[in-house]
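First comes the structure, then the notes that go with it.
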Amino acid sequence: RAGVAGEAVAALARRALAETAAPEGEIGLFTLAAKANEPGLIEAARILGVAITPLPLAALNAQAGRILTPSAPAQARFGAPNIAEAAALAGAGVGGRLLGPRLAADGVTCAIALSLEGQ
181 RAGVAGEAVA ALARRALAET AAPEGEIGLF TLAAKANEPG LIEAARILGV AITPLPLAAL
241 NAQAGRILTP SAPAQARFGA PNIAEAAALA GAGVGGRLLG PRLAADGVTC AIALSLEGQ
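Our numbering puts the first residue of the sequence shown at 181, with every later residue one more than the last.
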């Protein structure tokens, strides 16, 4: 959400990685292109040492049948069924899968998806 501190975003990302027992490896920060310039996301990317990958709305909408937590506010505001889960899935690529439903805390949502590309 706009106005959220980068440390809150980074903290939830770390918590999500721990709670989903995500395997060690490369991580990425994926979001809807319309949100990619939010200061909190930019700061979180710096804290986590990753780049932000902005994704077009069509990429998130392509994941509509695969998300676990539909979001009426995301649909109304951005035209996407969910931002966190859909962006994680789109960023994970073909065959990627969510490791659980999105987590939400302190105005932040985060989802973890496992990429099977390159395996």
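Where a beta carbon is used, it is the ideal one built from N, C-alpha and C, also for glycine.
Environment of residue i [buried if 16+ CB atoms lie within 10 Å]
i: residue 252; result: exposed
i: residue 265; result: buried
i: residue 274; result: exposed
i: residue 205; result: exposed
i: residue 183; result: exposed
i: residue 194; result: exposed
Close Cβ partners of residue i (< 6 Å) along its chain, the five nearest in sequence each way excluded
i: residue 188; result: 286, 288
i: residue 181; result: 287
Near the ligand FAD: residue i beta-carbon under 7 Å from a heavy atom
i: residue 272; result: Because no ligand of any kind appears in the structure shown, any question about the ligand FAD cannot be addressed here.
Start and end residues, alpha helix (DSSP H) containing residue i
i: residue 189; result: 186-199
i: residue 203; result: First-last for residue 203: undefined, no H or E at that position.
i: residue 228; result: 219-228
Beta-carbon contacts of residue i that lie in its chain and below 7 Å, excluding the five residues immediately before and after
i: residue 267; result: 210, 211, 212, 235, 240
Supposed contact pair residue j and residue i - C-beta distance, whole angstroms, cut 8 Å
i: residue 294; j: residue 271; result: No, residue 294 and residue 271 are not in contact; Cβ-Cβ is about 11 Å, not under 8 Å.
Continuous beta strand (DSSP E) stretch holding residue i: start and end
i: residue 284; result: 283-285
Review point. Contact between the stretch 240-251 and the stretch 215-223: three or more CB pairs below 8 Å?
Key: no
Exercise for review: Decide if the stretch 255-263 is in contact with the stretch 219-232; the criterion is three or more beta carbon pairs, one per stretch, under 8 Å apart.
Suggested key: no
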